[in-house]
Amino acid sequence: MHGAVSMSGRDLLTSRTMLLFFLFFMLGTMAGGGVQSWLVTVLHNYKGIELELAATALTAYMLGSTSGVLFGGWFADRFKQRVLPFVTGLTTLSALLMVAIDWLNLPIVAIIGLTFLSGLALGASRTPRDVMVKDAAPPGQIGKVFGFVSAGLPLGSAVTPVPFGILIDNGHPELVLVLVAVILLLSLFCAGSARGSAKRGSAKPEQAIALPAE
615 MHGAVSMSGR DLLTSRTMLL FFLFFMLGTM AGGGVQSWLV TVLHNYKGIE LELAATALTA
675 YMLGSTSGVL FGGWFADRFK QRVLPFVTGL TTLSALLMVA IDWLNLPIVA IIGLTFLSGL
735 ALGASRTPRD VMVKDAAPPG QIGKVFGFVS AGLPLGSAVT PVPFGILIDN GHPELVLVLV
795 AVILLLSLFC AGSARGSAKR GSAKPEQAIA LPAE
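Heads up, the sequence shown is in this note's numbering, so the first residue is 615 and it goes up one at a time.
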């Protein structure tokens, strides 16, 4: 993407790379919003956990997410070349922990611990994803790119109640956390595809310059 400095703003923002990053941000927000909005309902109505303890599990998730953002920033500064594997591993871990909470018959203490770890893993993946977008943005276009992909955040928040609300209304709270996991894995597909597309785009100008020299 760095070599594509001659692209118009419209072409840049509608490129495959930026559209995939947009979806990555949107899907990540949907998954996080699904947990924040429906975790208490799932734990109370489906798992039979008291409301106070279910709310404690949600608080643990939020604390973990906040702590994870700080750790993710530290990692992105020191291991920039490993950002995508880092994001992939932690997002997958967060998804698997949500499925474990949903499927396994665990004591409340374990559930609270797993929600904290799930939030920690997902939160830690947030700052590195911003680094991936920055690396993919052409020089002088970073603000425009971040504005576009960040628009996926409010859109994700707006869309989130629809699929999760349908599950709750139809009596399937047990599928809520499974849907969260599926959305997280879909977001990873978008992130990996966007990263690969950005690298291919940045390689093309180098090839174009090298050919005449031969």
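Glycine included, C-beta positions come from ideal geometry on N, C-alpha and C.
Using the C-alpha atoms, what's the distance from residue j back to residue i?
i: residue 699; j: residue 639; result: 17 angstroms
i: residue 767; j: residue 641; result: 8 angstroms
i: residue 804; j: residue 810; result: 10 angstroms
i: residue 703; j: residue 625; result: 32 angstroms
i: residue 806; j: residue 631; result: 10 angstroms
i: residue 602; j: residue 724; result: Coverage of the chain is limited to positions 615 through 828, which leaves residue 602 absent and any answer about it impossible.
i: residue 645; j: residue 753; result: 31 angstroms
i: residue 715; j: residue 674; result: 14 angstroms
i: residue 634; j: residue 663; result: 38 angstroms
i: residue 705; j: residue 681; result: 15 angstroms
i: residue 722; j: residue 764; result: 36 angstroms
i: residue 783; j: residue 658; result: 15 angstroms
Under 8 angstroms between the Cβ atoms of residue i and residue j?
i: residue 648; j: residue 793; result: yes
i: residue 668; j: residue 683; result: no
i: residue 687; j: residue 730; result: no
i: residue 728; j: residue 711; result: yes
i: residue 713; j: residue 795; result: yes
i: residue 738; j: residue 693; result: no
i: residue 627; j: residue 762; result: yes
Starting from residue i and walking both ways along the alpha helix (DSSP H), at which residues does that stretch end?
i: residue 663; result: Element bounds for residue 663: n/a, residue is neither H nor E.
i: residue 830; result: With the chain covering only 615 through 828, there is no way to say anything about residue 830.
i: residue 624; result: 623-627
i: residue 760; result: 756-764
Apply the 10 Å Cβ neighbour rule to residue i and answer buried if 16 or more other Cβ atoms are within range, or exposed otherwise.
i: residue 652; result: buried
i: residue 755; result: buried
i: residue 812; result: buried
i: residue 770; result: buried
i: residue 671; result: buried
With distance defined between alpha-carbon atoms, name the residue in the options nearest to residue i.
i: residue 774; options: 791, 802, 671; result: 791
i: residue 623; options: 672, 748, 757; result: 757
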